[in-house]
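Chemist: Quick note, in UniProt numbering, the sequence shown goes up one by one and the last residue is 365.
Ideal Cβ placement from N, Cα and C applies to all residues, glycine included.
Predicted, not measured: the structure shown is a model, and the values here were computed from it.
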Amino acid sequence: MTEGPFGVTIIGILWKICLYSDTNNEKNTVYCITIMKNIMSFHFWRIFLVVFLCLFAVMMGICSGTITDGGEESDEGFLIPEGFVSTGSFGRIMFAEGATEECAPIGENDVFEEGILEIFLIIPYFEMTDGETWRREWLLDGEEIASSEEAWYEGSEGITYRYLTSGDDGPLSEGTYTVNLYLDNQIARSASFEIVGQEVEPEQQGNSIEELVDPDLMKAYDILANSDNKALRILSSQVPEEGITIEFSDEIPGTGQFRYSGSDDPGRVYISPDYWNEASWEEVAGTIAHELTHALQRSAKGGEVDCTVENEYLAFLFEFYTLQESGRSDIIYDKFGNLYAADGSFDHNKLWNVVKKVYSDCPEY
C-alpha cells in the first residue's frame with residue numbers, strides 16, 4: 001500500500017514509543033516490528049480511514065440557503081432516555097436589533113424598518129432538560145424560509161438568544177416574520193414581527209430635556225445619554241421622544257419606581273430623595289436605567305407593564321451595565337459579586353434565579 005505523510009508520521013511516532021521502553025532488548029525489538037507490521041496492514045488503514053471520516057463529518061457543519069438561523073452551538077453530549085417527554089416551556093419571545101452577552105435586548109420592538117441586517121430573538125425558558133431536542137422554524141409571510149434543530153444544553157431555567165440574518169450579508173426582506181419553537185415536534189411558543197418600508201413622518205417638536213429631568217438628577221441622566229453603550233442610549237432617548245419625566249418623590253417604596261396613570265400618560269421615573277442623598281451618581285443612573293427599562297417594556301408590550309421575573313431580570317441587567325460602563329467595579333462587586341462564576345465571568349443564570357426568589361410573588365413572564 002502507499003502511505004501519505006500523515007501515515008508515515010503516525011507509524012514513526014508509534015515505532016519510537018514502542019522501542020523507547022527498552023532499546024537494548026532484542027525480544028522487544030522483534031515485538032515492535034510485529035506490531036508495526038500489523039499496523040501497516042491494509043485492514044488497519046481501512047478502519048482508521050473510516051473512523052477519521054466519521055469524526056470529520058461530525059465536526060463539520062453545513063449552512064445553506066439565503067436565510068440563516070444562528071446562535072450558540074453545543075459541543076456537549078447528554079444522554080436522553082428512550083421515550084423522553086419534554087417538560088420544558090418558553091416564555092414571551094422578544095425581538096430586538098441586538099442582544100448583550102447576558103441576553104438583554106437592544107432596541108426591542110415588533111416592527112423594524114427596512115434595511116435591518118439581523119433580528120435577535122430573546123427567549124426565556126423553564127424546566128428544560130439538557131440533551132433534549134428543540135427546533136426553530138422561520139416563516140416569511142406564511143412560507144418557511146429557514147429551520148434549525150439542536151440539542152439543548154443551557155440548563156433548566158434562564159434566558160438565551162438566537163438570531164436571523166439574510167445569509168448573504170444583505171438586509172432582511174420586508175414582510176411579516178413568524179418564529180415557531182418546537183418541543184417534542186409540537187409548537188411550544190410562537191411570535192411574529194414585521195419589517196416595513198420607511199415612512200416619512202412629519203417632524204414633531206420634542207420635549208426639552210431641561211423640562212423633563214429634574215436639575216438635581218440631570219447628571220445621572222447624562223451618564224446614560226452619553227454612554228458608549230447603545231442599549232443605555234436607547235433607554236435615555238425615551239425621555240425626550242416619549243415625554244417621560246424624571247423627578248423626586250417621597251411616596252415611593254425603595255430607591256426608584258416607574259409609574260403611569262393611563263394609556264396616554266408617557267409615565268414618570270421617580271427617585272427617592274433619601275436614596276439620592278446617599279448614593280453615588282453612577283448608582284442613581286443605574287436606578288434610572290432600571291426604571292426606564294420598564295418604560296421600554298411598557299412601550300413594547302402595547303401600553304402595559306407588569307411585575308414579572310423576566311421584566312425585573314432585564315431591568316437589573318441594565319442597572320448592571322450602567323455601573324459597568326461607568327467603571328464602578330467596586331459597586332458592581334458589592335451589589336452583584338455573588339453572581340460571578342469561578343472563571344470571573346458574569347453568570348446571567350444566577351441573576352435569573354436570584355430575581356426569581358426576590359420576586360416570588362410575580363409570574364415568570
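Just grab the DSSP bridge partners of Leu121 for me.
Modeler: Leu121 pairs with Phe95, Arg162.
Chemist: Flag this pair as yes or no: are the beta carbons of Leu296 and Glu118 separated by less than 8 Å?
Modeler: No.
Chemist: If we call anything under 8 Å between Cβ atoms a contact, is Arg221 one with Ile271?
Modeler: Arg is not the amino acid found at residue 221; the sequence shown has Tyr there. Result no, Cβ atoms of Tyr221 and Ile271 do not sit closer than 8 Å.
Chemist: So, are the CB atoms of Leu217 and Ser236 less than 8 Å apart?
Modeler: No, the Cβ-Cβ distance between Leu217 and Ser236 is not below 8 Å.
Chemist: State whether the stretch 312-332 contacts the stretch 239-250, with contact taken as three or more CB pairs (one from each stretch) at a distance under 8 Å.
Modeler: No: fewer than three Cβ pairs fall under 8 Å.
Chemist: Whose C-alpha, out of Ser173, Thr322, Glu310, Ala151, is nearest the C-alpha of Ile93?
Modeler: The shortest C-alpha separation from Ile93 is found at Glu310.
Chemist: Starting from Val111, follow the beta strand (DSSP E) in both directions and report where the run begins and ends.
Modeler: Per DSSP, Val111 belongs to the beta strand (DSSP E) from 111-113.
Chemist: Can Gly243 and Leu212 be called in contact, C-beta distance under 8 Å?
Modeler: Yes, Cβ-Cβ distance for Gly243 and Leu212 is below 8 Å.
Chemist: Note down the Cα distance separating Gly65 from Glu132, rounded to an integer number of angstroms.
Modeler: Low per-residue confidence applies at Gly65: pLDDT is 37, beneath 50, and the placement is therefore not dependable enough to give any value.
Chemist: Please name the residue or residues paired with Asn180 in a DSSP beta bridge.
Modeler: Paired residue(s): Glu137, Ser190.
Chemist: For a quick check, are the C-beta atoms of Thr160 and Cys103 less than 8 Å apart?
Modeler: Their beta carbons are under 8 Å apart, which means Thr160 touches Cys103 by this criterion.
Chemist: Can you tell which of Pro253, Glu282, Arg135 has the C-alpha that lies nearest to the C-alpha of Asp274?
Modeler: Of Pro253, Glu282, Arg135, the residue nearest in Cα terms is Pro253.
Chemist: Would you identify the three-state DSSP class for Thr308, choosing helix, strand or coil?
Modeler: Correct three-state label for Thr308: coil.
Chemist: With a CB to CB cut of under 7 Å and the five nearest residues on each side skipped, what residues in its chain are close to Gly302?
Modeler: There are no such residues.
Chemist: Which of helix, strand or coil does DSSP assign to Arg328?
Modeler: It is coil, neither helix nor strand.
Chemist: Could you say if the stretch 123-143 and the stretch 326-344 meet the contact criterion of at least three C-beta pairs nearer than 8 Å?
Modeler: Flag = no, the stretch 123-143 and the stretch 326-344 do not touch.
Chemist: Which residue from Ser192, Glu150, Val196, Leu172 puts its Cα closest to that of Leu183?
Modeler: Comparing Cα-Cα distances from Leu183 to each of Ser192, Glu150, Val196, Leu172, the minimum goes to Glu150.
Chemist: DSSP three-state label for Gln198, please.
Modeler: Residue state, collapsed to three classes: coil.
Chemist: Could you tell me whether the stretch 135-144 touches the stretch 178-195, where touching means 3 or more Cβ pairs closer than 8 Å?
Modeler: The stretch 135-144, when compared against the stretch 178-195, does touch it at the 8 Å Cβ threshold.
Chemist: Using a Cβ-Cβ cutoff of less than 6 Å, which residues in the same chain neighbour Phe318 once the five nearest sequence positions on both sides are dropped?
Modeler: The residues are Ala289, Thr293.
Chemist: Report the three-state DSSP secondary structure of Gly243 (helix, strand or coil).
Modeler: Correct three-state label for Gly243: helix.
Chemist: Grouping DSSP H, G and I as helix and E and B as strand, with all else coil, what is Thr322?
Modeler: In the structure shown, Thr322 sits in a helix (DSSP, three-state: H, G or I).
Chemist: Taking a contact to mean a Cβ-Cβ separation below 8 Å, would you say Glu113 touches Val196 in this structure?
Modeler: Taking 8 Å as the Cβ cut-off, Glu113 and Val196 qualify as a contacting pair.
Chemist: What are the partner residues of Thr68, as DSSP defines its beta bridges?
Modeler: Per DSSP, Thr165.
Chemist: State the DSSP-derived secondary structure class of residue 367, mapped to helix, strand or coil.
Modeler: Shown here, the chain extends from 1 to 365; a query on residue 367 therefore has no answer.
Chemist: Using DSSP bridges, identify the partner residues of Ile106.
Modeler: Answer by DSSP bridge pairing, in chain order: Gly98.
Chemist: Just grab the DSSP bridge partners of Tyr333 for me.
Modeler: DSSP output for Tyr333 lists no bridge partner at all.
Chemist: Please determine, among Ser148, Glu157, Glu174, the residue with the shortest C-alpha to C-alpha distance to Tyr163.
Modeler: The residue with the shortest Cα to Cα distance from Tyr163 is Ser148.
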